[in-house]
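**Student:**
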Amino acid sequence: MGTVVLKDQFEIDDSLHLPGYDSPTAKAYACKSVTDGQSSLVALICDADVPMRTELLEGLKNFPGPGLVKPVDSGVVNWLPTGRRQPVLICEKPLGSRVFETLDTVIQPLSDNQIIGGFLTPAIATLRELASRGLTHRNIRPSNIFYADDSARLIMLGECISAPPGYNQPLSFETLETGMANDAGRGMGTPSDDLFSLGVTLLSLLIGRLPVSKIENPYQFMLDRINTGSYASIVGGHRIQQNMIEILRGLLADDLAERWPLSDVELWASGRRMTPKQAKLPPKAARPLPIAGFEHENIRSAAHGLSQNWHLSGDIIRGQDFDTWIQRSLNDEQVVNNLNKAIGSTQAIQSAPRAEDPRLIAKVILALDPSGPIRLGGFATHVDGIGTTLSVGFENEVTRNQITELLVSGVLKTWLGLQGRVKSEIMNFYGILEKVEGFINLPGAGFGIERVLYELNPYQHCVSPMIEHLYITKTSELIPALEAVAQGDNLPPMPMDRHIAAFLSAHSEHIDERIMRPLTHKDNRPADEALKVMRILARVQSVYSNGAAPALCTWLKDLTNPAVQSFNNNKLRTQVERQVVQAAETGFVVALMRILDDAKVMELDKENYRKAQKEYEECSAQIHRMDAGLEQKENLAGELGEQVAAVIAGVIASIGTTAIVMIYLT
Amino acid sequence: MANRSASASATKAVLVMAVAGTMIFTLPTVMVLTVGMIPTFIAYATDRRKEKYKTVSVGSLNFVGVLPLLVTLWTKDHSFDMGFSVLSDPFNWLMVLGSSSAGWTIYLVAPSIVSIFLQARIELSVERLKKRQARLIEEWGEGVSGDRKSNQRGSSPGDKEQEDVRDAGSAQ
Numbered sequence: 004m005g006t007v008v009l010k011d012q013f014e015i016d017d018s019l020h021l022p023g024y025d026s027p028t029a030k031a032y033a034c035k036s037v038t039d040g041q042s043s044l045v046a047l048i049c050d051a052d053v054p055m056r057t058e059l060l061e062g063l064k065n066f067p068g069p070g071l072v073k074p075v076d077s078g079v080v081n082w083l084p085t086g087r088r089q090p091v092l093i094c095e096k097p098l099g100s101r102v103f104e105t106l107d108t109v110i111q112p113l114s115d116n117q118i119i120g121g122f123l124t125p126a127i128a129t130l131r132e133l134a135s136r137g138l139t140h141r142n143i144r145p146s147n148i149f150y151a152d153d154s155a156r157l158i159m160l161g162e163c164i165s166a167p168p169g170y171n172q173p174l175s176f177e178t179l180e181t182g183m184a185n186d187a188g189r190g191m192g193t194p195s196d197d198l199f200s201l202g203v204t205l206l207s208l209l210i211g212r213l214p215v216s217k218i219e220n221p222y223q224f225m226l227d228r229i230n231t232g233s234y235a236s237i238v239g240g241h242r243i244q245q246n247m248i249e250i251l252r253g254l255l256a257d258d259l260a261e262r263w264p265l266s267d268v269e270l271w272a273s274g275r276r277m278t279p280k281q282a283k284l285p286p287k288a289a290r291p292l293p294i295a296g297f298e299h300e301n302i303r304s305a306a307h308g309l310s311q312n313w314h315l316s317g318d319i320i321r322g323q324d325f326d327t328w329i330q331r332s333l334n335d336e337q338v339v340n341n342l343n344k345a346i347g348s349t350q351a352i353q354s355a356p357r358a359e360d361p362r363l364i365a366k367v368i369l370a371l372d373p374s375g376p377i378r379l380g381g382f383a384t385h386v387d388g389i390g391t392t393l394s395v396g397f398e399n400e401v402t403r404n405q406i407t408e409l410l411v412s413g414v415l416k417t418w419l420g421l422q423g424r425v426k427s428e429i430m431n432f433y434g435i436l437e438k439v440e441g442f443i444n445l446p447g448a449g450f451g452i453e454r455v456l457y458e459l460n461p462y463q464h465c466v467s468p469m470i471e472h473l474y475i476t477k478t479s480e481l482i483p484a485l486e487a488v489a490q491g492d493n494l495p496p497m498p499m500d501r502h503i504a505a506f507l508s509a510h511s512e513h514i515d516e517r518i519m520r521p522l523t524h525k526d527n528r529p530a531d532e533a534l535k536v537m538r539i540l541a542r543v544q545s546v547y548s549n550g551a552a553p554a555l556c557t558w559l560k561d562l563t564n565p566a567v568q569s570f571n572n573n574k575l576r577t578q579v580e581r582q583v584v585q586a587a588e589t590g591f592v593v594a595l596m597r598i599l600d601d602a603k604v605m606e607l608d609k610e611n612y613r614k615a616q617k618e619y620e621e622c623s624a625q626i627h628r629m630d631a632g633l634e635q636k637e638n639l640a641g642e643l644g645e646q647v648a649a650v651i652a653g654v655i656a657s658i659g660t661t662a663i664v665m666i667y668l669t
Numbered sequence: 054m055a056n057r058s059a060s061a062s063a064t065k066a067v068l069v070m071a072v073a074g075t076m077i078f079t080l081p082t083v084m085v086l087t088v089g090m091i092p093t094f095i096a097y098a099t100d101r102r103k104e105k106y107k108t109v110s111v112g113s114l115n116f117v118g119v120l121p122l123l124v125t126l127w128t129k130d131h132s133f134d135m136g137f138s139v140l141s142d143p144f145n146w147l148m149v150l151g152s153s154s155a156g157w158t159i160y161l162v163a164p165s166i167v168s169i170f171l172q173a174r175i176e177l178s179v180e181r182l183k184k185r186q187a188r189l190i191e192e193w194g195e196g197v198s199g200d201r202k203s204n205q206r207g208s209s210p211g212d213k214e215q216e217d218v219r220d221a222g223s224a225q
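Protein chains in written order, with my numbering: chain A, 4 to 669; chain B, 54 to 225.
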């Protein structure tokens, strides 16, 4: 154990745990700045499985005022206690302690003055600054507020980066809209959601403990809040001073139009007082709609009931009773219009096949409660929470299937059609969702649900089993990560998998479809697969120029050895083997690729091999013919010998005749 | 066509008549030639080959042996007496039979000698071809010889791995 340095700027002492600054998804450790030796920092070692709100870091730069635990930097460190690389968030350390050590802690209730002057005023300033930057905190709760100094006069909001928005919030601190969503799918929300959390936190300070200590049945709790209003449900029987009722009613209003904006809270904090207004409850239907034994008297309650009783909801929405309830009992023109827009007529519902039930139910729920989360197949998420839901639950096949179904079901289009004004950030996110719909069912590496994960989460680290422990968030870190893997003993079959391919496709502008497409067609020859992978890695390494990777090259060299061995010419093969070894030693994949990816040389080798085979065959045929000739040489020699004998005899006879004639004539 | 055949027959008849006429006027020569060329007639009689190499081999040297007898006949006295006298000389017979036996000898020995030459030439060619094949194997490996198993590597990159995978599968 010792210190670990982040970005040459921060020294984190992994032996000095500061439990007082822990968050549910991060452990706090002592940290000091290397440059100025300032030790008033705290390093939050975050849970690698929970995505951070890294995008907030830029937005929170130069954040003024003492009302927020400000983030200083973030990064990834080799964390010895867990033996892996983990994300770390460096924050300014509050000088005082946490106000509520845990959510179960009971403290001395704060006075009105302490609450207004020490908590509400700086909190409002913080929320106003956040709103002006287009950000939300979404992590305001009693266990995430700190005393700014030892005098315990000023309370500051804790950090809001180490977990997705609302992820660590107890249900009672979330609005109805965000509370009905799964923990990871609550979405970034609006300043109004922060104000609601602020209201419940204020109530906690007022009574010295959480207003709702333990929620046994979240479904029932939410139903109660929907039907009786969050104020009544949360404040319940707690005795509240009269002067505080007004602000609590304002902050805990479920109707967005009724909930106090920041300006009203500021006015109240500065002394303006009015008569508390009664919470406005949702309009009741003439008669209730029974779902699973509970009588739902308003549309949001019915929507929640349908979403939580998924197996019964198909029959309910197809039933005449539901249609009658909508048309006559509810008497709400807007809901009828929404239903028509979402699913068409009652006949359309009844004629739809049973297999369409989940989508129909999701659309009906959206029509009944358009501002609530999208609820499909038993899970609920806001549009901007789909990415974080997938990130947190990626290991769970059910979650993956649910997100897949959500993206291809057309429910998102229905959601958009039912919204009034949509924030530009949400519209951008919707644009990405439309884009990934085209990828999700593609089978090849670089597509599928993995691609969706990385497209929806720009800061998501690569969760490939081979490099997950190295926590890489940038494509430029891929080659060093694979080099580290290659230096280990147990090498995976290939330095590429669906996650790495998807991570590269989604996060690198230099890796386009053209480069990744060959991976779609699975080749059952490992050497060919290795060559494809090598081309991609060569591209990545040359684009990011982040140094040599000799171990990775050796790994690739071994994988592509069959390709080297496939050279037919012995001399050429030996030469290529030598070149490959030399190239691997350089550590540059592109050098390997230049040797092994030369189609001309390979083709020429094949062509020459075919010629050599033909020549060998011809030689064999000639030898065979000659062997046969040798066997029949007596026959051949017989005829040829007789010819030769005739010629020799003829020649001798001619000479003899000429000689005799000349002798007798002379 | 008919005219050409008639003309050939006419030519043949003229030739036969000319030879027959000549033979009538050179009967001693014909007698010596007929008796002296008996080895050739024997060779002709035993020559089964259409090309009549044996006849040519024996006949040509037999004629060389008979020619001095004919020259004696023509230069001294072209008569039957002289013909009989020449034919009765054993030295002349030694010459005639010696020359024809030389023809026989050439005819019988030549095929063996040719066979030796042929064998040597074929063996040289086979040696050269085998050397070429060895060089091809050295350059391209055993696969070039058409050996099915080693040839699989050469057919396309990666086929060897498939084989390895198959081997692994069968081992299990």
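Think of the CB as a built atom: it goes at the ideal place given N, C-alpha and C, for glycine as much as any other residue.
None of these values were measured; they are calculated from a predicted model.
Please list the terminal residues of the continuous alpha helix (DSSP H) segment that includes Leu456 of chain A.
**Tutor:** Gly451 to Leu459
**Student:** Would you call the CB atoms of Pro376 of chain A and Ala256 of chain A closer than 8 Å?
**Tutor:** no
**Student:** Counting only runs that start and end within the stretch 67-96 of chain A, where is the beta strand (DSSP E) found for 3 or more residues in a row?
**Tutor:** Qualifying beta strand (DSSP E) stretches, in chain order: 74-82 and 87-95.
**Student:** Mind checking Glu162 of chain A: buried by the 16 CB within 10 Å criterion, or exposed?
**Tutor:** buried
**Student:** Mind checking if Pro226 of chain B is an interface residue toward chain A, Cβ cutoff 8 Å exclusive?
**Tutor:** Absent from the model: residue 226 of chain B. The displayed extent of chain B is 54 to 225, so no value can be given.
**Student:** Can you find a CB in chain B that lies within less than 8 Å of the CB of Met629 of chain A?
**Tutor:** Chain B contact via Cβ: present.
**Student:** Who are the near neighbours of Asp608 of chain A in its chain, counting only those whose CB is closer than 8 Å to its CB and skipping five residues on each side?
**Tutor:** Result list for Asp608 of chain A: Phe570, Asn571, Asn572 and Leu575, in chain order.
**Student:** What residues in its chain sit with their C-beta under 7 Å from that of Thr125 of chain B, if we drop five residues either side in the sequence?
**Tutor:** Val139
**Student:** Identify every run of the alpha helix (DSSP H) within the stretch 352-378 of chain A, keeping only runs that are complete inside it and at least 4 residues long; order them along the chain.
**Tutor:** 360-371
**Student:** Taking only the alpha-carbon atoms, compute the straight-line gap between Gln463 of chain A and Asn404 of chain A and give it to the nearest angstrom.
**Tutor:** 19 Å
**Student:** For chain B, find out if any of its Cβ atoms is closer than 8 Å to the Cβ of Gln616 of chain A; answer yes or no.
**Tutor:** Yes - at least one Cβ of chain B is within 8 Å of the one on Gln616 of chain A.
**Student:** Quick check on this structure: which residue in A:Asp16, A:Pro22, A:Val75 and A:Asp11 has the alpha carbon closest to the alpha carbon of Val37 of chain A?
**Tutor:** A:Asp11
**Student:** Report the CB separation of Ile352 of chain A from Thr407 of chain A in whole angstroms; it is logged as a contact under 8 Å.
**Tutor:** The pair is not a contact, with the Cβ atoms about 24 Å apart (cut-off 8 Å).
**Student:** Under 8 Å, do Arg105 of chain A and Pro194 of chain A count as touching if we go by C-beta distance?
**Tutor:** Residue identity check: residue 105 of chain A is Thr in the sequence provided, not Arg. With contacts defined as CB atoms closer than 8 Å, Thr105 of chain A and Pro194 of chain A fail to qualify as a contacting pair.
**Student:** Which full runs of the alpha helix (DSSP H) of 4+ residues lie inside the stretch 220-300 of chain A, going along the chain?
**Tutor:** 221-231, 233-238, 245-254 and 265-272
**Student:** When the cut-off is 8 Å and only beta carbons count, does Ile598 of chain A lie next to chain B?
**Tutor:** no
**Student:** Beta carbon of Asn549 of chain A, beta carbon of Ile503 of chain A: below 8 Å?
**Tutor:** no
**Student:** Who are the near neighbours of Phe325 of chain A in its chain, counting only those whose CB is closer than 6 Å to its CB and skipping five residues on each side?
**Tutor:** Cβ neighbours of Phe325 of chain A within its own chain (closer than 6 Å, five residues either side excluded): Ile319.
**Student:** 8 Å is my cut-off, CB to CB: does Ser113 of chain B come that close to chain A?
**Tutor:** Chain A contact via Cβ: present.
**Student:** Roughly how many angstroms lie between the CA atoms of Lys183 of chain B and Tyr612 of chain A, to the nearest whole one?
**Tutor:** 18 Å
**Student:** Would Ala649 of chain A count as contacting chain B if we go by Cβ distances under 8 Å?
**Tutor:** yes
**Student:** With a Cβ-Cβ cutoff of 8 Å, do Ile302 of chain A and Val339 of chain A count as a contact?
**Tutor:** Between Ile302 of chain A and Val339 of chain A, the CB-CB gap reaches or exceeds 8 Å.
**Student:** Who are the near neighbours of Gln544 of chain A in its chain, counting only those whose CB is closer than 6 Å to its CB and skipping five residues on each side?
**Tutor:** Ile482 and Val592
**Student:** Determine whether the beta carbon atoms of Arg252 of chain A and Tyr234 of chain A lie at a separation below 8 Å.
**Tutor:** yes
**Student:** Any idea if Val8 of chain A is buried or exposed, counting beta-carbon neighbours within 10 angstroms, 16 or more meaning buried?
**Tutor:** Looking at its Cβ environment, which holds fewer than 16 other Cβ atoms inside 10 Å, Val8 of chain A is exposed.
**Student:** Report yes or no: is there a C-beta of chain B within less than 8 Å of the C-beta of Leu595 of chain A?
**Tutor:** no
**Student:** Between Leu371 of chain A and Ala305 of chain A, is the Cβ-Cβ spacing less than 8 Å?
**Tutor:** yes
**Student:** Would you verify that the beta carbon of Leu643 of chain A is, or is not, closer than 8 Å to some beta carbon of chain E?
**Tutor:** The structure shown contains no chain E; the protein chains it does contain are A and B.
**Student:** Just reading off the alpha helix (DSSP H) that Met596 of chain A is part of, what are its end residues?
**Tutor:** Val592 to Leu599
**Student:** Which of the three DSSP states is assigned to Ile15 of chain A in this structure?
**Tutor:** strand
**Student:** Output the distance between the C-alpha atoms of Ile626 of chain A and Val179 of chain B, rounded to the nearest integer angstrom.
**Tutor:** A straight-line Cα-Cα distance of about 6 Å links Ile626 of chain A and Val179 of chain B.
**Student:** Does Trp146 of chain B have its Cβ less than 8 Å from a Cβ in chain A?
**Tutor:** no
**Student:** Determine the chain A residues that contact Arg102 of chain B at a beta-carbon separation under 9 Å, and present them in chain order.
**Tutor:** Glu642 and Glu645
**Student:** Out of A:Tyr619, A:Ile148, A:Trp263 and A:Ser165, which has the shortest C-alpha to C-alpha gap to Gly196 of chain B?
**Tutor:** A:Tyr619
**Student:** Helix, strand or coil: which one does DSSP assign to Phe382 of chain A?
**Tutor:** strand
**Student:** Can the beta-carbon of Leu522 of chain A be found closer than 8 Å to that of Ala566 of chain A?
**Tutor:** no
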